[in-house]
Amino acid sequence: MHVMDMPLLSLLERLARLVHSESHAAGLKPVQWDILRFLAQANRFSRTPSGLTAYLGQTKGTVSQSLKALEDKGLVEKHPQPGDKRGVDVRLSTAGRAMLTQDPLAAFMGGLDGFGLEDRQTLEALLSRYLTGLLTARQGRMFGECRQCRFFQASASQGPYFCGLLKQALSEEDSRDRCVEFELIC
Ligand code: SF4
């Protein structure tokens, strides 16, 4: 089949190009915006250089350079991981959180205003299924929401919740964050 015979592929490709071209804003490159967005949603097990590398699908060197540029701008901070002197916990600074209010991708949400709630939910569900299929085929990480993960458990004695994989108590806030170790409930 010729690429021009695939209207859906063509739509996705044009959409991706449009998003990418408009993601240079406030002196930041698209990958730097991706990092800020990731850090705003990722849980404490995922806010690491290796978590970012897995999420972005880029080399360690590229991620490290981008992090350094964001650190120099005062938008991210590196802290030691509790209980692991060599581990790094990468967090948004106050300025990084404020920068996200200028996220250029927010303008794309306005384009969905004409859709009803049901259409938006259907579109989200279809794209999510499609992305999950692509990631599964490529052994990619899904970075889903913790409370949708197969290891997520309610726990009366530890947190309100508990991670069956990492054996850690989880707070209400943790349960809404995204995680590098996420696995979909089968
Ligand atoms: S329950 Fe799943 S998503 Fe949540 S912290 Fe554990 S592995 Fe990560």
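With the sequence shown counted from 1, adding 46 to any position gets you my numbering. The beta-carbon is built from N, C-alpha and C at its ideal position, and this holds for glycine as well. Everything numeric in this text was worked out from a predicted model, so none of it was measured.
Does the beta-carbon of residue 176 have 16 or more other beta-carbons within 10 angstroms, so that it is buried, or is it exposed? exposed
Using DSSP bridges, identify the partner residues of residue 195. 230
Leaving out five residues before and five after residue 233 in sequence, what residues of the same chain have Cβ atoms less than 6 angstroms from its Cβ? Since the first residue of the chain shown is 47 and the last is 232, residue 233 is not available in this structure.
Residues in its own chain within less than 7 angstroms of residue 158 by CB, not counting five upstream and five downstream? If you ignore the 5 residues before and after residue 158, its C-beta comes within less than 7 angstroms of the C-beta of 166, all in its own chain and listed in chain order.
Hey, would you say the C-beta of residue 220 is under 8 angstroms away from at least one heavy atom of ligand 3? In the structure on display, ligand 3 does not appear, and the ligands it does have are ligand 1.
Among 91, 102, 137, 84, which one has its Cα closest to the Cα of residue 130? 91
Starting from the Cα of residue 138, find the closest Cα among 86, 169, 73, 184 and give me that residue. Per the Cα distances, 86.
Could you check what DSSP says for residue 104 in three-state terms: helix, strand or coil? coil
In the DSSP assignment, what residue or residues form a beta bridge with residue 124? As a beta-bridge residue in DSSP terms, residue 124 pairs with 136.
Taking C-beta to C-beta, are residue 179 and residue 224 nearer than 9 angstroms? no
Ordered along the chain, which non-local residues of its own chain (more than five positions away) have a Cβ less than 8 angstroms from that of residue 200? 206, 207, 208
Going by the C-beta, is residue 192 closer than 8 angstroms to any heavy atom of ligand 1? yes
What do you reckon, is the C-beta of residue 84 under 8 angstroms from a heavy atom of ligand 1? no
Using only alpha-carbon positions, find the residue among 213, 228, 219 that is nearest to residue 185. Ranking 213, 228, 219 by Cα distance to residue 185 puts 228 first.
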